[in-house]
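**Q** I have a structure I would like to understand better, so I am pasting it below and will then ask my questions one at a time.
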Amino acid sequence: MNPLLDDPRSLGARLRHSIDWVVVTLTAAIVTLAVINLNSAGAGDWSGRVATQLRWIGLGSVAMFIVTAIDHRTVYRLAYAAYGFGVTLLLLVPFFGIRVNNAQRWLGYKDYRIQPSELMKVLIVIALARFLHDAAAKDLSNLRRLVVPFVMVLMPAALIIRQPDLGTGIMLLLVSFSLVVAAGLRVRVILAVLSAAVVSVAIGWSYMENYQRRRIDVWLDPELYADTDGYQTIQAMISVGNGGFFGRGLSQGSQNALGFLPEPYTDFPFAVYSEEWGFVGTAMVLVLFMSLTLWAVNLASQAHDRFGSLLCMGVAALFFWHAVVNIAMVLQLVPVSGITLPFFSAGGSNVLTMMLGLGLLMSVSRSRHTR
Amino acid sequence: MISLHQKDDLRDLRPRFQATVIFVALAFLALAGRLCQLQVLEADHYDRRAERNFMDKVDVEAPRGRIYDVNGHPLATNRSSYTLYITGWARFELDPDGGVVSTPEGKRRPMGDTTRDTILSLIDFIDEADRDKFLALLEELRADEARGRYAQIARRNLSWEEYARIESRLEVLDPWVEIRESSRRFYPEGVLTAFVTGQMGNVSARTLDGSPHLGYRLGDRVGQTGIERQWENYLRGRLGERWRVVDARRREVADPPAWAVDSLPPARDPIPGQDIYLTLDLDLQTVAYEAVSDKLAGAVVAMDVNTGRVLATASVPSVDPNRYEQPIPSAEWKAWSESPLKPFIDKTVQEHFFPGSTYKVVSALVALGDPEFDPDEEIECEGYVKFGKRKFRDTHVHGPMNLEQALVHSCNAYFYELAIRNTLSLERVEPVARALGLGDRTGLGINGEVKGTIPTEEFEAREGTYQGGVRLNSAIGQGNVKATVMQVAVLYAAVANGGYVLTPYLVDRIETNDEKLVFSSEAQRRNETPVLDASDRARIHAGLVGVVNSEDGTAYSQRLDNIVVAGKTGTAQVGREYRNDTEVEIDGWDETQDHAWFAAYAPADDPQIVVVALVVHGGTGADAAAPIVMRVIEHYLGDTSSETELRPRGYGVPPPLPGQQDETLARVGKEGTP
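If you read the sequences in order, they're chains C and A.
For the first sequence, position 32 (counting from the first letter as 1) is numbered 32 according to our numbering, and the numbering increases by one without interruption.
For the second sequence, position 548 (counting from the first letter as 1) is numbered 548 according to our numbering, and the numbering increases by one without interruption.
Shown next, in the form of C-alpha cells:
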C-alpha cells in the first residue's frame, strides 16, 4: 500500500502531506544560487558546465521524487543489497575505471560516467542506518558489536582512498562516524575514538605522502607559499574578503573574472560566490545549509522508527559536513582537500547523490503522517 | 524481519538530537564569524590585495633627445622598433587548445626545452657567437627563478621577418615570449658624424649595481661615446608609467571592466629627453669628412677662431653608429679591434701624435720671448747640424734663414741652432707650450681626450730618454712632444685670434622637447689677456702666410685662388718608433711613413676659421694634409668672399622671420673678432 498512490484524500492534501515543502524550498533556493554562481564562475557561459550541471539537477530531481515515492521500509529491505551494489562498483573501478589526472575514480563510457565513491556516501548511510536499527535493542557500548559497521565502512573507504581520493574517503568516515554517534554511541567511546584518531594522525604523519604533509604546512602559513602551493588558498581568501559586505555583483568580482581564482568550479565555487554576493550572500547560504541540516535533524526526531530517524541523521551529516568542510577550506580554517559544496560544485555524481539523500529525507518525512 | 510499522521508542536518541542541533548551530556560527572577519572587518585589506593582483605598472619609455647640427639637420633621432621580452618562469601555460593550464597548485615552472628551441629557431642570428650569447641569456633565465619570472629584454630591433615569425607563433610561445614596441636610435648621417654623435650600448652591470639611483633598468641603452655619452643625462629623459588591468597570466585584459579601470592609479607621462643642437655644420662636416675619407687613417678639425665653436670634426676610419643597434658579428668586431687603423679611436682627441713642424710656431714664440734673440738674424742652413757626436739632419740645404724664412721653408736646422744656443731649452719651451693649450686637455668634453706631452728635463729623465739632443728634436715637434689634432687647432686659433686660447665646444644649446632653452654655450677663453705679444704674432703670422703664399713656401702648391690662407705644414717622422709588425696587411698602409700635418687659418687678414688635418702615415704635410684643409676652408669661405649673406649664422642668433632680411649675420660674426 503506497500512500502517495492510494491516499483517498484530495490531491492538494495529498501533495501537501506527501511532499516536504521545506526540503523542496530550501533545495530550490540552494540550487538556484548554485547554478547562478556556476554561471558566474564560467564567465557567463550557459553552455558547457552549467548545462551539464542543470541536466544532472534535472535527473537528480526525478530520482529524488522517485525515492520520495518509495516507502522507506522498502529502502530498509534493500539496504544491504544497495550497499553491496555500491561496493561492487567501487571494486570495478580499479579495473575499468576512467583515469583522469592520475586518479581513477569514474565508471562509464566517455562523457557518460559516474563516480561510485559519491554514490557510496548515500549507500553507506542506508546500510549503516539499517545495521544500527537492527542493533538498537542491544548495547552499543559493547565494542564487539561495532566490528561489523567498522568493516562495513572501512572497506569502501579504503577502496576510495586508494583511487586516490582522500577527501571523499574522509567524508565517508566522517558521515559514518556521525551516524554511529547519533545512534547512541557512548560518550566514552566517542572520546576514545577521537583520541585514537588524533594519535593515528600523529603516527600517520610520518607515513603521509609529501604532498599531503605539505598541504598542512601550507594551511598553517599560506603566505609562506604564496607563489606556489599557498597560491590557491590565498587567492580564495582574497576573493572572499574582496566581496566585502554587499559583494561586488554578479560577474563583477575581479578575482574570478580575471582568472586569479583557481578551480572555481569544483573546490572553490564558494569563493566566487563570496566575492560576488558579499557577506549578505554568504550569510544567506550558511542559513540555507544550516536550515536544511537542522530540518533533517527535526525530521529525524519525528520519525516513527529508528531506521527512518537514522536515515535523516545520515543525510543531515552528509549535507552538514560537505557544506562546513568546503566552506571552512575556502576560509582557510581547514587544509585544502577535495570536498565539494553540494550543488555549487560542478559534478554530476555529487548532485545525484545529494538528490538521492534528499529523496530519502522526504520519504521519511512523508511517513510521519501515516499511522 | 523487524517491523517498522510500530513506532520505535526513540526517546533514547533525543539527547543526541539536541546535541546535534547545538553542534550544527555552533559550526555554522563559527563559519559566519570567520566570514564576518574576512568580509567585514578585513574587507579593505583584501580589497587592496585584489587590486594589487590585477593592477600592473608598465614603464613608458621617454623618447631620447635628438641631436641636430647647427642648422637643425638631424644627426641622431629615434625610430620605432620591436623588442623581444623573455620570461623564464611562468605560472601558467597555454595548452594547444588555447585554454590555460595551471599547475596543480599554481606553481611556476621553467620554460621547457622545446619552447627554448622554438624561440632559437625563430631568430636570425648573425653568427654562432650571437646565438650562444642569446642561448646563454635564455639558460640564465631558465635557471634563475627569481629573475626569470619577470620579462627581460632578450633582443632588440627585431627584423620584420623575425617579428612576423614570432608573432605568428605567439600562441605556442605564449607565457614565455612577448614582443613590445620600443624605439631604437637612428643616425641619419651614419659614419659621417660617427665620433660626434657617438653610439649607444647596453647599460653595464656596473652602472646597474653600482648606481641604482640613476634609475637604469637591465637592457636599457645608454650613450657609450661622443655626445650620446657626454650628455646622456640630458638626452635620456625620464621614464613614465601607466597602469593596466591584467589577468592571472599577467596579460593585459583587452576590454577591461570599468570598475577595474577606475581603481587604477593615474598614469604619469614620461619626460622626453632634451634636444641638443651642435655647433657642427653638416655641410662643412660633409666636406671635411669626404676630404679625409680617402685616406686610410686621418683626422680633420675645423673651428671658429674667435669662439672655439667646432664646425667640423672627422676621424677616419670609424664605425657607423647605427651598427651598434644590431648585433655585430664577432669576426667583424675582432677585425675592428685589431686593425692598425684603430677605427674605435677618435683621432682628433683620443690619440696624440708628434706635431712635427706645426710645432715650430711654439718654438718661434719661445724664441721671440727671449730678449737676446734677434728674429732677423740669419742662420746658415747647411742641411744638417752637428751636436755633440750626432748629426741632426734637415730636409734640404736652405741657406741663410731668418725666423720668418725658417717658418716658410720649415727649416729644421734653424731651430736646431736655436736649441743648441739654449734659446729653445725644454725649460723655456714648456711653459709657453702649456700656455698655448698643449700638454693638457682642450676641454672639448667628448671621447676621452688625451693630454699629449710637452717634455721637461724631469720628464725626459723619468722616461729615461734624456740626452742633450732631445731639445733639438723637441724644437721641431719630435722627440717626446705629442699633441692631438684638437690641441693643434686650439694653438693655431690662438695665433689667428691674437693670443686667446679657446676651449673648443660642440654643443651650441640644449632645448627641452617643447623648445625651452635649457643650456646655451658661450665662448670660453682660457686667458683674459693675450698670451701673444702683438708684434710676435705679426712675425709668426707673416711666416705662416708665407708658407702658403710665398713661392718658397712648403704649401705654395696648395694655395687657393681667392682666399689668403695662413698655415703650416708638418711632416712628423715616426720611422723608428713604430715597428711594422701587425699581421694585417693593408694596401697603402706603411707604418714607417711620416705623419702628414697641415694647420691653417683663413682669411689671413681677418681670420674666421682654423682647420687642422692629420693624415696618419700619410707622407708629407703639403701633399697629404694640406689639400684636405684647403677644401674645408674653400667651402667655408669660398662663397662668402662674394656674398656675405651666405655666411653661417652666429651662435644664438635666431633665423630671420619670413620677409625679414637676415642682416644680423655678418655683423654678429664680426663682433666676435677681437
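Note that the Cβ used here is the ideal one computed from N, Cα and C, for glycine as well.
Is the stretch 512-520 of chain A touching the stretch 374-387 of chain A, taking contact as three or more C-beta pairs under 8 Å?
**A** no
**Q** Any beta carbon from chain C within less than 9 Å of F17 of chain A's own beta carbon?
**A** If you number the second sequence from 1, residue 17 of chain A lands on position 17. So, interface residue.
**Q** I want to verify the contact list: residues of chain C whose CB lies under 7 Å from the CB of D12 of chain A, in sequence order.
**A** For this step, residue 12 of chain A is matched to residue 12 along the second sequence. Those within 7 Å of D12 of chain A in chain C are G184.
**Q** Between the stretch 29-53 of chain A and chain C, which residues of the former have CB atoms less than 7 Å from a CB of the latter, in chain order?
**A** L31, A32, R34, L35, C36, L38, Q39, V40, E42, A43, H45, Y46, D47, R49, A50 and N53
**Q** Spatial neighbours of T358 of chain A within its chain, please: CB distance less than 6 Å, with the 5 preceding and 5 following residues excluded, ordered by chain position.
**A** Position 358 of the second sequence, counted from the start, is the residue given in the question as residue 358 of chain A. Here the set comprises V488, K568, G570, W597 and A599.
**Q** Is the Cβ of I160 of chain C closer than 9 Å to any Cβ of chain A?
**A** Locating residue 160 of chain C in the first sequence gives position 160, where the first residue counts as 1. No, I160 of chain C lies away from the interface with chain A (no Cβ there is under 9 Å from its Cβ).
**Q** Which residues in chain A have a C-beta closer than 9 Å to the C-beta of S309 of chain C? List them in chain order.
**A** Position 309 of the first sequence, counted from the start, is the residue given in the question as residue 309 of chain C. Using a Cβ-Cβ cut-off of 9 Å, S309 of chain C is close to D8, L10, L13 and F17 of chain A, given in chain order.
**Q** Give the residues of chain A in contact with T293 of chain C, contact being defined as C-beta atoms less than 7 Å apart.
**A** Within the first sequence, residue 293 of chain C is the residue found at index 293, counting from 1. Result: V24.
**Q** Taking Cβ to Cβ, would you say R142 of chain A is nearer than 9 Å to W89 of chain A?
**A** Counted from its first residue, the second sequence places residue 142 of chain A at position 142. Counted from its first residue, the second sequence places residue 89 of chain A at position 89. Against a cut-off of 9 Å, the Cβ pair of W89 of chain A and R142 of chain A comes out as a contact.
**Q** What's the call for T592 of chain A, buried or exposed, on a 16-neighbour Cβ count within 10 Å?
**A** If you number the second sequence from 1, residue 592 of chain A lands on position 592. When all chains shown are included, T592 of chain A counts as exposed.
**Q** Output the distance between the C-alpha atoms of V547 of chain A and N402 of chain A, rounded to the nearest integer angstrom.
**A** Reading the second sequence from its first residue, position 547 is the one you call residue 547 of chain A. Reading the second sequence from its first residue, position 402 is the one you call residue 402 of chain A. Taking the Cα positions, V547 of chain A is about 14 Å away from N402 of chain A.
**Q** Starting from the beta carbon of G278 of chain C, find every residue of chain A whose beta carbon is closer than 7 Å, and list them in chain order.
**A** Start at 1 with the first residue of the first sequence, and residue 278 of chain C comes out as number 278. Result: Q39.
**Q** Quick one: complete beta strand (DSSP E) runs, 3+ long, within the stretch 556-611 of chain A?
**A** 566-572 and 595-602
**Q** Does V152 of chain C get closer than 9 Å to chain A when you measure Cβ to Cβ?
**A** Translated into positions along the first sequence, residue 152 of chain C becomes position 152. Reading off the sequence, residue 152 of chain C comes out as Met, not Val. Chain A contact via Cβ: absent.
**Q** Please name the residues in the stretch 236-252 of chain A whose beta-carbon is closer than 9 Å to at least one beta-carbon of chain C, in chain order.
**A** V245, V246, D247, A248 and R249
**Q** Assuming L278 of chain A contacts V196 of chain A under a Cβ cut-off of 8 Å, what Cβ separation, rounded to an integer in Å, is found between them?
**A** Reading the second sequence from its first residue, position 278 is the one you call residue 278 of chain A. Reading the second sequence from its first residue, position 196 is the one you call residue 196 of chain A. At roughly 7 Å, the Cβ-Cβ gap stays under 8 Å, so L278 of chain A and V196 of chain A are in contact.
**Q** Between which two residues does the beta strand (DSSP E) holding Q302 of chain C run?
**A** Counting from 1 along the first sequence, the entry for residue 302 of chain C is found at position 302. Per DSSP, Q302 of chain C belongs to no beta strand (DSSP E); it is in the alpha helix (DSSP H), P269 to Q302.
**Q** Name the DSSP beta bridge partners of Q152 of chain A, please?
**A** Here the question's residue 152 of chain A lines up with position 152 in the second sequence. DSSP output for Q152 of chain A lists A:I86 as bridge partner(s).
**Q** Closer than 8 Å by C-beta to Y216 of chain A: which residues in its own chain qualify, once you throw out the five before and the five after it? Chain order, please.
**A** Residue numbering aside, residue 216 of chain A sits at position 216 when the second sequence is read from its first letter. Hits under 8 Å: V203, T207, L208 and V222.
**Q** From I170 of chain C to A136 of chain A, what distance separates their C-alpha atoms?
**A** Start at 1 with the first residue of the first sequence, and residue 170 of chain C comes out as number 170. Start at 1 with the first residue of the second sequence, and residue 136 of chain A comes out as number 136. If you take the alpha carbons of I170 of chain C and A136 of chain A, they lie about 50 Å apart.
**Q** Beta-carbon within less than 6 Å of Y82 of chain A's beta-carbon, same chain only, minus the 5 sequence neighbours each way: which residues are those?
**A** Here residue 82 of chain A refers to the residue found at position 82 of the second sequence. Counting only Cβ-Cβ distances below 6 Å, and skipping sequence neighbours, we find L158, Y163 and I179.
**Q** Please confirm if the stretch 414-428 of chain A is in contact with the stretch 364-371 of chain A, defined as three or more CB-CB distances below 8 Å between the two stretches.
**A** Taking a cut-off of 8 Å on C-beta distances, the stretch 414-428 of chain A touches the stretch 364-371 of chain A, as three or more cross pairs fall below it.
**Q** Distance cutoff 9 Å, beta carbons only. Does G98 of chain A sit that close to anything in chain C?
**A** Translated into positions along the second sequence, residue 98 of chain A becomes position 98. Only weak support is given to the placement of G98 of chain A: the predicted model assigns it a pLDDT of 41, under 50, and the question is left unresolved by the model.
**Q** Which value, in whole angstroms, describes the spacing of the CA atoms of D20 of chain C and L54 of chain C?
**A** Here residue 20 of chain C refers to the residue found at position 20 when the first sequence is read from its first residue. Here residue 54 of chain C refers to the residue found at position 54 when the first sequence is read from its first residue. Cα-Cα distance, rounded: 22 Å.
**Q** Go to N37 of chain C, then tell me how far its alpha helix (DSSP H) extends in each direction, as first and last residue.
**A** Here residue 37 of chain C corresponds to residue number 37 of the first sequence, with the count starting at 1. Per DSSP, N37 of chain C belongs to the alpha helix (DSSP H) from W21 to A41.
**Q** In whole angstroms, what separates the C-alpha of V246 of chain A from that of S318 of chain A?
**A** Taking the second sequence and counting its residues from 1, one reaches residue 246 of chain A at position 246. Taking the second sequence and counting its residues from 1, one reaches residue 318 of chain A at position 318. Cα to Cα, the separation comes out at about 47 Å.
**Q** Using the Cβ count rule (16 or more neighbours within 10 Å means buried), how would you classify Y112 of chain C?
**A** Translated into positions along the first sequence, residue 112 of chain C becomes position 112. So Y112 of chain C counts as exposed.
**Q** Roughly how many angstroms separate the alpha carbons of M64 of chain C and M313 of chain C, rounded to a whole number?
**A** As a first step, residue 64 of chain C must be located in the first sequence, where it is residue number 64. As a first step, residue 313 of chain C must be located in the first sequence, where it is residue number 313. Spanning the two alpha carbons is a distance of roughly 17 Å.
**Q** Determine the closest residue to D374 of chain A out of A:R393, A:R251 and A:Y414, with distance taken between C-alpha atoms.
**A** Here residue 374 of chain A refers to the residue found at position 374 when the second sequence is read from its first residue. From the listed residues A:R393, A:R251 and A:Y414, the smallest Cα separation to D374 of chain A is found for A:Y414.
**Q** Quick one: is Y109 of chain C buried, meaning 16 or more other Cβ sit within 10 Å of its Cβ, or exposed?
**A** Stepping through the first sequence from its first residue, residue 109 of chain C is reached at position 109. Label assigned to Y109 of chain C: exposed.
**Q** What distance in whole Å lies between the Cβ atoms of L90 of chain C and L159 of chain C, which are believed to be in contact at a cut-off of 8 Å?
**A** Taking the first sequence and counting its residues from 1, the one referred to as residue 159 of chain C is at position 159. Taking the first sequence and counting its residues from 1, the one referred to as residue 90 of chain C is at position 90. Correct: roughly 4 Å between the Cβ atoms.
**Q** Compute the distance between the beta-carbons of D552 of chain A and Q405 of chain A, then report whether it is under 9 Å.
**A** To locate residue 552 of chain A, count along the second sequence from 1; it is residue 552. To locate residue 405 of chain A, count along the second sequence from 1; it is residue 405. A contact, by the Cβ cut-off of 9 Å.
**Q** Could you tell me the alpha carbon to alpha carbon distance between G97 of chain C and G12 of chain C, rounded to whole angstroms?
**A** Along the first sequence, one-based indexing puts residue 97 of chain C at 97. Along the first sequence, one-based indexing puts residue 12 of chain C at 12. Approximately 46 Å between the Cα atoms of the pair.
**Q** Check for me: the beta strand (DSSP E) holding F392 of chain A runs from which residue to which?
**A** Here residue 392 of chain A refers to the residue found at position 392 of the second sequence. R390 to R393 is the span of the beta strand (DSSP E), which, as asked, contains F392 of chain A.
**Q** Using the rule of at least 16 other Cβ atoms within 10 Å of the residue's Cβ for burial, across every protein chain shown, is N322 of chain A buried or exposed?
**A** Numbered from 1 along the second sequence, position 322 holds the residue referred to as residue 322 of chain A. The residue is buried, with at least 16 neighbouring Cβ atoms inside 10 Å.
**Q** Under three-state DSSP, which class holds P648 of chain A?
**A** Translated into the one-based positions of the second sequence, residue 648 of chain A becomes position 648. Any reading at P648 of chain A must be qualified, since the residue scores a pLDDT of 49, below 50, and its modelled position is unreliable; no value is offered.
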